[in-house]
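Here is the structure we will look at, set down as structure tokens.
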Amino acid sequence: MIEKKIELTLQVYDSLDDVPADVQTLMHKSFEIRDKAYAPYSEFYVGAAIELENGEVILGNNQENAAYPSGLCAERSAIYYLGANHPGETIKRMALSAKSLKHELTTPTPPCGACRQAIAEYEQKQKSPIEIYFMGEKGKVVRTESLANILPLIFDSSYL
Ligand code: THU
Numbered sequence: 001m002i003e004k005k006i007e008l009t010l011q012v013y014d015s016l017d018d019v020p021a022d023v024q025t026l027m028h029k030s031f032e033i034r035d036k037a038y039a040p041y042s043e044f045y046v047g048a049a050i051e052l053e054n055g056e057v058i059l060g061n062n063q064e065n066a067a068y069p070s071g072l073c074a075e076r077s078a079i080y081y082l083g084a085n086h087p088g089e090t091i092k093r094m095a096l097s098a099k100s101l102k103h104e105l106t107t108p109t110p111p112c113g114a115c116r117q118a119i120a121e122y123e124q125k126q127k128s129p130i131e132i133y134f135m136g137e138k139g140k141v142v143r144t145e146s147l148a149n150i151l152p153l154i155f156d157s158s159y160l
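Counting in the numbering used here, the sequence shown runs from 1 upward without gaps.
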């Protein structure tokens, strides 16, 4: 038996003011779409802004449903729209933000496991890293250089 240790590196910025200006702009777009989420059950609003290499920005937010599992996260709403409408385009980066109506969310909120798996598919498909910045309503912003970096033991098509 050998023990394997997996490490990952993230960049943590003290506030949105500290990230590059173009990322700030993208994050502001995620705020705008986040506030239009349909989240009457959780009162937890998530926005995803995806910047393509061609400069276009695709937006998505979480869409809930009275049958809870029928709802969808912001990240997958955005990336599946992108997959459907811009299948050949390369994703440069994503900006994600979350806000709760129940408490002040100052902890950077990472994409859930299912969304990481979904984003991983597109990263593998385009054969280049997708940079992701994520935050709560305010406070620190976290950057990962790629999706693969935040999904250790990734399952991908190489296993099929
Ligand atoms: N949610 C997202 O939109 N993205 C995530 O990565 C985590 C969770 C949504 C799903 C649900 O509408 C609400 O947040 C509470 O889980």
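Think of the CB as a built atom: it goes at the ideal place given N, C-alpha and C, for glycine as much as any other residue.
Cβ-heavy atom distance, residue i to the ligand THU, below 7 Å
i, result
"V120", "The sequence given here places Ala at residue 120; Val does not occur at that position. Checking the Cβ of A120 against the ligand THU gives no."
"N62", "yes"
"F155", "no"
"S42", "yes"
"G136", "no"
"E75", "yes"
"P108", "no"
"A46", "Here residue 46 is Val; the residue named in the question, Ala, does not match the sequence. At least one heavy atom of the ligand THU is nearer than 7 Å to the Cβ of V46, so yes."
"A39", "yes"
Local Cβ density within 10 Å of residue i, reported as buried at 16 or more and exposed below that
i, result
"A120", "buried"
"S70", "exposed"
"K92", "buried"
"K29", "buried"
"K127", "exposed"
"M1", "exposed"
"I6", "exposed"
"K138", "exposed"
"G136", "buried"
"T144", "buried"
"K99", "buried"
"T109", "buried"
Contact check, residue i vs residue j, beta carbons under 8 Å
i, j, result
"I33", "N61", "yes"
"L82", "I58", "yes"
"L105", "E43", "no"
"L151", "I130", "no"
For residue j and residue i, believed in contact at Cβ under 8 Å, the rounded distance
i, j, result
"A39", "E64", "5 Å"
Backbone secondary structure at residue i - three-state DSSP
i, result
"K125", "helix"
"F134", "strand"
"L52", "strand"
"M27", "helix"
"G47", "strand"
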